[in-house]
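Order-wise, the sequence lines are chains A and B.
Each step along the first sequence adds one to the number in the working numbering, with nothing skipped, and position 322 is 405.
Each step along the second sequence adds one to the number in the working numbering, with nothing skipped, and position 33 is 37.
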Amino acid sequence: MQDRRHVHETRQDDTILRVRDLKVSFRSYGGLVQAVRGISFDLKRGETVAVVGESGSGKSVSIKTIMGILPSNAIIESGEIMYDGKDLTKVSEDDFHEIRGKRIGLIFQDPLSALNPIMKIGKQITEALVLAQKMNPKEARGQALELMNAVGISDAERRFDQYPFQFSGGMRQRIVIAIALAGDPEILICDEPTTALDVTVQARILELINSIKKSRNLSVIFITHDLGVVANMADRVNVMYAGKIVETGTSEEIFFDPAHPYTWALLSSMPDLETKERLLAIPGTPPNMIFPPKGDAFAPRNKNALKIDLEMEPPFFKLSETHYAATWLLHPKAPKVELPEVLKARIARMKGGGELHA
Amino acid sequence: MPSSEYLLEVQGLRQYFASGRGKNRLVVKAVDDISFGVKPAETFGLVGESGCGKTTTGRTIIRLCDPTAGRVFFDGREVSGRMTNDLRKYLTDNIAMIFQDPIESLNPRMTIEEIVGEGLKVRGLKDKAEIRRRVVEMLVKVGLNEEHATRYPHEFSGGQRQRIGIARAVIVKPKMIIADEPVSALDVSIQAQVINLLNDLKEELGLTILFIAHDLSVVKYFSNRIGVMYYGRLVEVAKGDDLYKNPLHPYTRALLSAIPQPNPLTERTRQRVDYVPDRDHDYSTEQPTMVEVEPEHFVLCSPSELLEYRRRIAQNV
């Protein structure tokens, strides 16, 4: 049993962003909604960390905190976000202008509401360049055309003077990516960037993000609920449930050797292309975060929950240098609980390659 | 003539939407000459990207839109002709619909009992106690309980609302259900609950389902046969396994290659194929038609493509 806070301190050199024990709540009429309840993770240079979880698990709130764009009823209760020697939770709004958009870029879920409908898209891209990099309009135009080419918008000269409604969903998302890149950030945060897109368009946007990441050596935080997208993008995965990270590990560790019952449930609840058997649905609904459950938040929905799960919160147990899970099942005294059969079969199938369209 | 093999048969269905007048007139061919049949107690999946006409197909069958051309037969009777009171009654008695958005599709000012029981009421059931009894029975069947009957839609979560939508559709004992993206608005863990519920109801009531969705893994899991749509045309129809193991039309191949699979090993090496109609087909001399390439496997192709597809199948077997 080891607290993972101490584990990561041995290798800090390439860590670009460090989140420690972050707690964020919202004031609401019903009471204090505890959206994020103490999360810690590191982002290393050049890697992609995926954050997976259902709506309400706190994944969007945590990245909004990093970007300093929480709504006014939010309270950062504790914790720190260390970036470039500064604690982002304490940076003033004026100083944040030097970070947001310039050092840390953000891509939103819905490209249409992220763009100004009555401003030409060329202007929207150059605006970022003029403000962030103090370019003159002419330089900015050249740079914007270059960015548009880089994100795969053909015929950039002509499209420079068009409005967002003249673009398809996938093209709009490319524009949003171009704007995010305009400030030349070193961290790119993607908040479900492909959820609103069709699967063939999604595939192209994911390829684009991956190639930009490589060519610019970006670090990426990728938020999604689609496990297929996670497998495609992530080096490491954080699984969130009820405002906490319940399991963290490399892609392989999470997909082939999951340890937390919630990760099991996530992996076995959706059909893949070869699923024939009945789905293992997770019973119930996610908890009300005004009254978060005591102990392991997932216990009320977990049919294998131990007695202690309902009383005491599990700490992180170490499975490998990179793999940690917060579940009492990993305690030496815990009874042996087997992986669900469905999941076992699926993991075996995945390791076998599962060639579908060769 | 309708074939007796199918419960629902669609023949050459077209649905065009026109806007503007004179030189501004613009016709969108949302559904352009599609034909397929759904057998009794079968689930037929309709997949495609947004704008391909899959939702319009469903809405035209149940006559939320009037078809531009083509015929639709339900249980031997034509349901695409002129709308009469009798036809409307026939349609609504036999086909029910489950909608995508569980918030928009429930009237916020009606209680669950009113929403679910409305179908019985308009069919002439006056006995309040009987309506109540059947509503409660239905609610229990979809995993809700009696006390939910007096509540309003806003008091429920997304998954529960979708259960209410399902209860409303099933309570009138339709022969067929058109489910238009019934799970895509729901969270992953809730999607599985609703899919399992639909599967149980399907078996218990022997329902025939037209399942419209864009998530190919879900469609594959849930459907017996699948039709793939692209820009208003049906390009390939086959049994689920045949379609995924042996996709013939280049669009189907492109679509399948784009699905991200929850498996880091295959994902890292995945090769995506693009579909470019002008490059992939040469229709300058021959026109494509829907052809049965192997039993129960139809593809939209020209005669020369057909030869190529047949050759490919022979190699695979």
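Beta carbons: idealized from backbone N, C-alpha and C, even for Gly.
In this text, all values refer to a predicted model and were calculated from it rather than measured experimentally.
Do L230 of chain A and A223 of chain A come within 8 Å of each other at the CB atom, strictly closer than that value? no
Per-residue contacts from I263 of chain B into chain A (C-beta, under 7 Å): V282, G311
Burial state of L105 of chain A, where buried means 16 or more other Cβ atoms lie within 10 Å: buried
Using a Cβ cut-off of 7 Å, pull out every chain A residue sitting near P268 of chain B, in sequence order please. The answer, in chain order, is A314, S334, E335, F338.
For I373 of chain A, I'd like the list of residues in its chain whose CB is within less than 8 Å of its CB, leaving aside the five on either flank, ordered along the chain. S111, G113, G114, L115, V116, Q117
Residues of chain A with CB closer than 9 Å to the CB of S23 of chain B, please, in chain order. Near S23 of chain B there are no residues of chain A at all, since even the closest Cβ is about 16 Å away, more than 9 Å.
I168 of chain B vs L214 of chain B beta-carbon contact at 8 Å: no
Taking just the CA atoms, how far does G123 of chain B sit from L11 of chain B? 22 Å
Could you give the distance in angstroms between the alpha-carbon of S298 of chain A and the alpha-carbon of E271 of chain B? Note on geometry: alpha-carbon atoms of S298 of chain A and E271 of chain B lie some 20 Å from one another.
Per DSSP, the bridge partner or partners of N321 of chain A: Beta-bridge annotation (DSSP): N321 of chain A is paired with A:V134, A:T331.
For V32 of chain B, the nearest candidate out of B:T256, B:G236, B:P264, B:M294 (CA to CA): B:G236
In terms of residue numbering, what span does the beta strand (DSSP E) encompassing E13 of chain B cover? Here the beta strand (DSSP E) through E13 of chain B covers 12-23.
For my contact list, L201 of chain B and I170 of chain B are in at a C-beta cut-off of 8 Å; report their separation, rounded to the angstrom. 7 Å
Taking Cβ positions, are S227 of chain B and T47 of chain B nearer each other than 8 Å? Yes; because the gap between Cβ atoms is below 8 Å, this pair is in contact.
How big is the Cα-Cα spacing for F243 of chain A and T154 of chain B? 55 Å
To which residues of the same chain is P247 of chain A closer than 7 Å at the C-beta, ignoring the five residues directly before and after it? L195, L198, P200, I204, R255
Pairs of beta-carbons, one from the stretch 334-341 of chain A and one from the stretch 145-153 of chain A, closer than 8 Å: are there three or more? no
By how many angstroms is the C-alpha of T64 of chain B removed from the C-alpha of S294 of chain A? 43 Å
Would the beta-carbon of M433 of chain A fall within 8 Å of that of L269 of chain B? yes
Kindly indicate if chain A contains any beta-carbon less than 8 Å away from that of E9 of chain B. no
Using a Cβ-Cβ distance cut-off of 8 Å, determine whether I190 of chain A contacts chain B. no
How far does the alpha helix (DSSP H) with Y225 of chain B in it extend, from its first residue to its last? 220-226
Among all the DSSP beta bridges, which residues are the ones paired with V116 of chain A? A:F109
My output table needs one value for S462 of chain A: the three-state DSSP class, helix, strand or coil. Lying before the first or after the last residue shown, residue 462 of chain A is absent from chain A, which here runs from 84 to 441.
How about V132 of chain A and N321 of chain A: are their beta carbons less than 8 Å apart? yes
Contact criterion: CB-CB distance below 8 Å. Does Q319 of chain B meet it with respect to chain A? no
Give, in chain order, every unbroken run of the alpha helix (DSSP H) that is at least 4 residues long and sits entirely within the stretch 279-308 of chain B. If we require 4 residues or more, the alpha helix (DSSP H) runs fully inside the stretch 279-308 of chain B come out as 281-284.
Cα separation between P366 of chain A and Q197 of chain B? 7 Å
Any idea what DSSP makes of E150 of chain B, helix, strand or coil? helix
CB S193 of chain B to CB E137 of chain A, shorter than 8 Å? yes
Report all residues from its chain with a CB closer than 8 Å to the CB of R88 of chain A; omit the five preceding and five following residues, and keep chain order. Unreliable placement is indicated for R88 of chain A, whose pLDDT of 44 sits below 50; the coordinate value is still reported in the next sentence. Hits under 8 Å: R103, D104, S123.
Going by CA-CA distance only, name the one from B:R86, B:E82, B:L220 that's closest to D70 of chain B. B:R86
For chain A, check one thing: does any of its Cβ atoms lie closer than 8 Å to the Cβ of Y20 of chain B? no
Compare the C-alpha of E357 of chain A against each of B:K249, B:I38, B:E290 and name the closest. B:K249
Using a Cβ-Cβ distance cut-off of 8 Å, determine whether P421 of chain A contacts chain B. The identity of residue 421 of chain A in the sequence shown is Glu, whereas the question assumes Pro. The Cβ of E421 of chain A sits no closer than 8 Å to any Cβ of chain B.
Tell me, please, whether the CB atom of Y156 of chain B is closer than 8 Å to any CB atom in chain A? Among the CB atoms of chain A, none fall inside 8 Å of the CB of Y156 of chain B.
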